[in-house]
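Okay, so the sequence shown: first residue is 1 according to my numbering, each after it adds one. Think of the CB as a built atom: it goes at the ideal place given N, C-alpha and C, for glycine as much as any other residue. Scroll down for the structure; my scribbles are underneath it.
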Amino acid sequence: MKMAQWDGTLITYALGSCIGICLYDPQIKLAALIHIMLPLNMEAGRKNEMKYADTGIRETLKQMTAHGANKARITAKIAGGAKMFEVAGNGALGNIGQRNIESVRMTLRREGIRLLAENVGGSVARTLSFDAATGQGFIKAYGQPDIFL
């Protein structure tokens with residue numbers, strides 16, 4: 001997770017089944033970008049809480065409010081959650097991207113954060129950038145048109 005205020009661009013690369021979560025308080029132009037890998041933190045001792053949707057979002061919101069953000073103003077934009085590989089059978093392992101999408105949406109809803117835009121699913125990896133001055137997200141994906149979030 002990285003934060004920027006007033007200006008600067010935050011970037012995360014290679015969002016396959018992972019999800020990039022842009023959190024933004026427009027009044028103070030505080031931006032945060034999290035790159036989560038897994039839906040839920042089941043790790044004993046929670047050593048790396050930022051790699052999980054549930055604990056990563058909560059910790060980022062905590063850090064944003066410590067920097068002056070008002071949780072009621074914070075909004076979210078998300079990208080990623082692709083199904084990168086075909087796995088035999090119907091196990092959840094083959095669709096970790098979809099599980100990540102559902103966990104991110106649920107955690108944002110539970111935290112009272114409005115989800116303004118998303119570009120999720122599919123089968124291509126994405127690069128996500130997020131502009132702290134404007135709150136604008138930008139997605140590049142191989143063989144796909146560029147997308148503003």
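Extent of the continuous beta strand (DSSP E) to which residue i belongs
{"i": "D152", "result": "Examination of residue 152 is not possible in this model, given that the chain is present from 1 through 149 alone."}
{"i": "M3", "result": "K2 to Q5"}
{"i": "T9", "result": "T9 to L15"}
{"i": "T127", "result": "R126 to D131"}
With 16 other Cβ atoms within 10 Å as the buried cut-off, status of residue i
{"i": "F130", "result": "buried"}
{"i": "A72", "result": "exposed"}
{"i": "A76", "result": "buried"}
{"i": "N95", "result": "buried"}
{"i": "N100", "result": "buried"}
{"i": "H67", "result": "exposed"}
Distance between beta carbons of residue j and residue i, contact taken as under 8 Å
{"i": "S17", "j": "G122", "result": "That pair is no contact at about 11 Å."}
{"i": "I74", "j": "M64", "result": "7 Å"}
{"i": "L23", "j": "Q5", "result": "Wrong, their Cβ atoms sit about 12 Å apart, outside the cutoff."}
N-terminal and C-terminal residue of the alpha helix (DSSP H) that residue i is part of
{"i": "G80", "result": "Careful: G80 lies outside any alpha helix (DSSP H), inside the beta strand (DSSP E) at T75 to G80."}
Contact set for residue i: own chain, Cβ-Cβ below 8 Å, skip 5 residues either direction
{"i": "L40", "result": "Y52, A53, D54 and S103"}
{"i": "G143", "result": "V124"}
{"i": "Q136", "result": "F130, F148 and L149"}
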